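Participant: Residues in the sequence shown are numbered from 22 upward in steps of one, following my numbering.
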Amino acid sequence: MRQRTKDIQIKIGGKTLPVNTSDGEKECYVEMLESIDDQMTAMLSHHDKVLMVRLDVHVHDRLADNAIMTDFIDRMRRWACGKYKKNKRLGYIWCREVSTDKGLHYHLVLLLNGNVVESHYHVLKKAQEIAEHHHHRGYRNVPHFGKDPMHMMIDRNAKGSYEAAFEWASYLAKTRTKDNKHRSDKANNYQTSRIKPRLNEHGDIFKSGDDYKKAIAAKASRSKQTTTDKPLRMMTDAERQLPLFG
C-alpha cells in the first residue's frame, strides 16, 4: 500500500518542504510528493528559471487507460520545442481524478525553461486548441481558471521560490478523488516525466552557486571515460575482469 501523510511538511533529499494537506486535514501520497520533487529539481538543474503551468484536462468518462495523456503530452512537447527553439525539454506531472461535478479529468503541471517561455498564455491556448480539435480522441475541454493563478516562475537563486512552487504542485498528490473506479488495472493514477538532472563537477545535482563551466567540463570528461578508467565501485563484474586479462 502506498504511504500517505497528513503532515504539513515532508523531508525529501535533505530538504524540508511544505505540503498542501489543508493544515493536516487531508492526506497526500508520499511517493507522488517525491516524484514531484524529483522532476522539479531535475528541471532546475538545467535552467535557473522554470515556468510552472497548471492545467486541467477534462476527458470522457469511458476512458479506462491514460493513452489520451500520452497523446496530449506528445502534442504539447512537439509544440513547445518547435515554437521555443531553446526549450529543449518539457517536464510534466499529472494525476488522474474523478468527481461528481467534473467527471473524469487530469490535473497537470508543465515545467518549461523559464528563460525562454516567460508567460503561460500561449501554453494555455495550445492546450485548449488540442482539446477542441481532437474531441474524437476523448477530450472534452481544458477550462480556464479565471482569476485563480495558473502559473508560477521558479527561480533557482531566489530564497523560498522552490518551496512555494512545491507546495502549489503538491495538490496533485492528494489522495481524495483519485480514480479507482473507471481506470483499468494497468493504468496509473499519476505519472511524471523522466528528466535526468545535470550534475556538477563533483557528480552531485547542479544547484544554485555551482559553476556551470566546471559542470560542462566534468560532463565532457565523464563521456570520454573508458571502461578501465571507471572507479572499481562503478564497474560491473565483467568489467572488473578486463584489466586482469588486458
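All C-beta atoms in this analysis are idealised placements derived from N, C-alpha and C, irrespective of residue type, glycine included. Fair warning: this is a prediction, and the values are worked out from it, not measured in the lab.
1) Report buried or exposed for Ile237, applying the criterion of at least 16 other Cβ atoms within 10 angstroms of its Cβ.
2) Would you tell me roughly how many angstroms separate the C-alpha atoms of Phe269 and Asp176, rounded to the nearest one?
3) How is Met22 classed by DSSP in three states: helix, strand or coil?
4) Please check the pair Leu133 and Ala101, which I expect to be a contact at CB under 8 Å, by giving their CB distance rounded to whole angstroms.
5) Measure the CB-CB distance between Thr62 and Pro218 and report whether it falls below 8 Å.
6) Comparing alpha-carbon positions, which option in Arg75, Asn87, Leu76 lies nearest Asp206?
7) Along the chain, where does the beta strand (DSSP E) containing Leu65 start, and where does it finish?
8) Can you confirm whether the segment 105-123 touches the segment 208-226 when touching is taken to mean that 3 or more C-beta pairs between the two stretches lie within less than 8 Å?
9) Are the Cβ atoms of Val40 and Ile57 separated by less than 8 Å?
10) In terms of DSSP beta bridges, what is Gln149 paired with?
11) Between the segment 121-133 and the segment 151-158, are three or more C-beta pairs nearer than 8 Å?
12) Use the C-beta contact count for Arg99: other C-beta atoms within 10 angstroms, 16 or more gives buried, fewer gives exposed.
13) Which residues in the same chain have their Cβ closer than 6 Å to the Cβ of Phe266, if we skip the five residues on either side of it in sequence?
14) Cβ of His128 within 8 Å of Cβ of Asp200?
15) Suppose you measure from the CA of His141 to the CA of Lys147; what does that come to, to the nearest Å?
16) Ser229 to Ala179, Cα distance in whole Å?
17) Whole angstroms are fine: how far does the CA of Gln60 sit from the CA of Thr196?
18) Can you grab the Cα-Cα spacing for the pair Lys104 / Glu222, in whole Å?
19) Could you please give me the residues that DSSP links to Gly124 through a beta bridge?
20) Find out if the Cβ-Cβ distance for the pair Ile33, Arg96 is shorter than 8 Å.
21) Buried or exposed: where does Ala194 fall if 16 or more other Cβ atoms within 10 Å of its Cβ makes it buried?
Facilitator: In this structure, then:
1) exposed
2) The chain is shown only over 22 to 267; residue 269 falls outside these bounds and no answer can be derived.
3) The pLDDT assigned to Met22 is 49, lower than 50, so where the model puts this residue is not dependable; a value taken from the coordinates is nonetheless given after this. Coil at Met22, not helix or strand.
4) 6 Å
5) A distance below 8 Å separates the beta carbons of Thr62 and Pro218.
6) Asn87
7) Unbroken run through Leu65 is the alpha helix (DSSP H), 51-67; no beta strand (DSSP E).
8) yes
9) no
10) Per DSSP, none; premise fails for Gln149.
11) Verdict: no, contact absent.
12) exposed
13) The pLDDT assigned to Phe266 is 46, lower than 50, so where the model puts this residue is not dependable, and the model offers no usable value.
14) Cβ atoms of His128 and Asp200: not closer than 8 Å.
15) Answer to the nearest angstrom: the Cα atoms are 10 Å apart.
16) 9 Å
17) 20 Å
18) 32 Å
19) Ser120
20) no
21) Answer is buried; the Cβ neighbour count reaches 16.
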